Amino acid sequence: MIYNPLSPPPAPPPVSGTNYSAEQGCFEGPEKLLEIWFSSSPVIASPSSTLTSTTSPLDACDSDLSDTSTPTTPNNDDTFYCDKNLRTVEKPVWDAMLATVKCTVLNVIHNAHVDAYLLSESSMFVYPHKVIIKTCGTTTLLHALPGIINIAKTHCGLDSVYRLFYSRKSFMFPEKQPDPHRSWENEVKYLDSYFDNGAAYIIGDTNADEWYLYLTSPLQHTSLDNNSNSNYRGFYQQQEQLQGLIKDADADVSWMGENDCTWTSLNSNSNNTTEQEYFSRFQRFDYRSHDETIEILMTGLNPKAMEAFYQQGDEPTGIPGGRRVDQQTGLDKLYPDAQVDSFLFEPCGYSANGLLDDGYYTIHVTPEPQCSYASFESTIPAQPITHPGKTSKGNHVDAIRLLVRQVIDIFQPSNFTVTYFASHRDQGFNKGSAAADVADDYGVDGHVDEQMDVASDLEMEMDDVDVDQLASMMGTLDRYSGYRRKNKILHVFDGYDLVFGHYSQI
1 MIYNPLSPPP
11 APPPVSGTNY
21 SAEQGCFEGP
31 EKLLEIWFSS
41 SPVIASPSST
51 LTSTTSPLDA
61 CDSDLSDTST
71 PTTPNNDDTF
81 YCDKNLRTVE
91 KPVWDAMLAT
101 VKCTVLNVIH
111 NAHVDAYLLS
121 ESSMFVYPHK
131 VIIKTCGTTT
141 LLHALPGIIN
151 IAKTHCGLDS
161 VYRLFYSRKS
171 FMFPEKQPDP
181 HRSWENEVKY
191 LDSYFDNGAA
201 YIIGDTNADE
211 WYLYLTSPLQ
221 HTSLDNNSNS
231 NYRGFYQQQE
241 QLQGLIKDAD
251 ADVSWMGEND
261 CTWTSLNSNS
271 NNTTEQEYFS
281 RFQRFDYRSH
291 DETIEILMTG
301 LNPKAMEAFY
311 QQGDEPTGIP
321 GGRRVDQQTG
331 LDKLYPDAQV
341 DSFLFEPCGY
351 SANGLLDDGY
361 YTIHVTPEPQ
371 CSYASFESTI
381 PAQPITHPGK
391 TSKGNHVDAI
401 RLLVRQVIDI
411 FQPSNFTVTY
421 FASHRDQGFN
431 KGSAAADVAD
441 DYGVDGHVDE
451 QMDVASDLEM
461 EMDDVDVDQL
471 ASMMGTLDRY
481 SGYRRKNKIL
491 HVFDGYDLVF
501 GHYSQI
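Per full-length UniProt numbering, the sequence shown starts with residue 1, numbered consecutively.
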């Protein structure tokens, strides 16, 4: 692994499961969330690699805590992977990177799409083309940035960041945070030292309710046909042929849009493969092209509801204790078909990762009354509800609102914040007027004009918006019984829409 030469080499990773923040007094529950994309698509390959299929099947319920293990990219003859992607990085490499963040791995689960690492301070998810890390306590999450970039380059040949997102809620104890996390200004300065296409936002009304976001615009690559490498030129021709096949195909290629073929390259050794074989292989990647994330951040949790998140007598903690919490609280009913990895800490505290197809959810709970906090995050699409006695299903908005209701009923917070990110669908609408109309119709604090100004500065493409999506997203922030909504804010970014709402108990 290559680290920034200006930084000291990382210390050897501690024993798996070590919790750096446990002895720091009141625990800082609100997490820092870093998401780094190295490609817009999970189908990636270095110029020297070929598209291959792995041969060893992996039981999706397997987990491995050994320091020498590597989450194997599974294959059941329905999924093909390139031989160099982020999921092929060995666990000791991730361990060393996480040591710079000051957290360790507790357990790992996998499915055909993603590896989920349960950490001593929250979670990490590794896809072929992107990494998501969420850490709480006094971790130094942004110190992971140079390590992840170098891992992607040295292990996978991915030499540029396609897009980055960094976000967090206001800290409860900001004075306990190490640099650069002691202030938002310092975090932005640190990120700006790596990216010249980033923008920072503070969303919300008061210090206690503020939510911070930094994101970069999508990286625009030079056209592959201008590259002098014959592998790139050959792949560009194959890519054009594949795009033509997609236009003519009846089948739905769910992981890729018609104009979103952005694989890095394929080796010319595979030129003998027919066009239809390429199309058939890529169609088997069951990744959604539409990206959406809902996050619920809760404080002032009901002490009675929090009793379940404490160790009960001499019960075992860890995974057995986590399963008891799931069943006792009803968390296991949020996604009954998901593969779940939950963990109960000693003497209290809880973390869980869940996987369902190419989506994940993650939950983290700090139950102590003086600093109670819980977070829920999910990229699993909410499924419309079937109502008894009706032949038609409910809509997407109802499904998300039911999910929010289920979560807040479990934790019973005094205050909670909902953020809902969704990628744009290319619908050919005017972004400025449509977003403004939706803001007027739904009574929100619109941030369209100032976002347009920022977009212009960053040379972003801001021409299209899906009006129905904006309206649907705003509908998820309607009022919830027992709570008063303090604000409802819409932001339109390059490629994504965001709605933000904050609620207080009546």
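Built from N, CA and C at the ideal position, the CB exists for glycine as well. The structure displayed is predicted, hence computed values, not measured ones.
Neighbour-count burial assignment, residue i, 16 or more Cβ in a 10 Å radius
i: Gln328; result: exposed
i: His290; result: exposed
i: Pro174; result: exposed
i: Gln177; result: buried
i: Cys26; result: exposed
i: Pro347; result: exposed
i: Arg168; result: buried
i: Thr139; result: buried
i: Thr206; result: exposed
i: Gly313; result: exposed
i: Glu307; result: exposed
i: Pro30; result: buried
i: residue 513; result: Residue 513 lies beyond the stretch modelled for the chain, which goes from 1 to 506, so this question has no answer here.
i: Gly501; result: buried
i: Trp94; result: buried
i: Pro367; result: buried
i: Lys189; result: exposed
i: Tyr201; result: buried
Alpha carbon of residue i to alpha carbon of residue j, nearest angstrom
i: His129; j: Val43; result: 8 Å
i: Asp468; j: Tyr287; result: 23 Å
i: Ile506; j: Thr379; result: 29 Å
i: Gly349; j: Gln311; result: 9 Å
i: Tyr361; j: Thr293; result: 9 Å
i: Gln363; j: Glu377; result: Looking at the sequence provided, one finds Ile at residue 363 rather than Gln. Approximately 7 Å, taken between the alpha carbons.
i: Ser170; j: Asp209; result: 7 Å
i: Ile400; j: Thr88; result: 34 Å
i: Ser228; j: Ser41; result: Unreliable placement is indicated for Ser228, whose pLDDT of 37 sits below 50; the coordinate value is still reported in the next sentence. Near 23 Å, if we compare the C-alpha coordinates of Ser41 and Ser228.
i: Gly482; j: Lys91; result: 45 Å
i: residue 521; j: Gly475; result: Any question about residue 521 goes unanswered here, given that the chain covers just 1 to 506.
i: Arg324; j: Lys102; result: 28 Å
i: Lys134; j: Leu141; result: 8 Å
i: Leu33; j: Leu297; result: 12 Å
i: Ser423; j: Ala382; result: 15 Å
i: Val418; j: Lys488; result: 10 Å
i: Asp332; j: Asn395; result: 23 Å
i: Leu490; j: Leu498; result: 6 Å
i: Tyr373; j: Lys486; result: 19 Å
i: Val492; j: Asp115; result: 30 Å
i: Asp398; j: Cys371; result: 32 Å
i: Gly204; j: Leu213; result: 11 Å
Three-way DSSP call (helix, strand, coil) for residue i in this model
i: Leu331; result: helix
i: Phe38; result: coil
i: Pro413; result: strand
i: Asp260; result: Note that Asp260 has pLDDT 32, beneath the 50 cutoff, so the model's placement of it is unreliable and no number is given.
i: Asn487; result: strand
i: Asp497; result: strand
i: Arg324; result: helix
i: Asp196; result: coil
i: Gln370; result: helix
i: Asn353; result: strand
i: Cys156; result: helix
i: Lys84; result: coil
i: Asp341; result: strand
i: Thr476; result: coil
i: Ile400; result: helix
i: Val126; result: strand
i: Leu301; result: strand
i: Thr100; result: helix
i: Val43; result: coil
Per DSSP, the bridge partner or partners of residue i
i: Asn107; result: Leu118
i: Cys136; result: BP columns for Cys136 are empty, so no partner.
i: Trp211; result: Lys169, Ile203
i: Phe421; result: Thr293, Leu498
i: Arg163; result: Trp37
i: Cys348; result: Tyr310
i: Tyr503; result: Phe416, Arg485
i: Glu377; result: Glu295, Thr362
i: Lys32; result: Thr135, Arg168
beta-carbon residue i near the ligand SAM non-hydrogen atom, thresh 6 Å
i: Asp478; result: Questions concerning the ligand SAM fall outside what the structure shown contains, since it holds no ligand whatsoever.
Q) For the segment 404-412 against the segment 335-345, are there 3 or more C-beta pairs whose distance is under 8 Å? A) no
Q. Do the segment 209-221 and the segment 151-169 make contact, defined as three or more Cβ pairs closer than 8 Å?
A. yes
Q | Validate contact between the segment 189-199 and the segment 110-124 using beta carbons, cut 8 Å, 3 pairs | A | no
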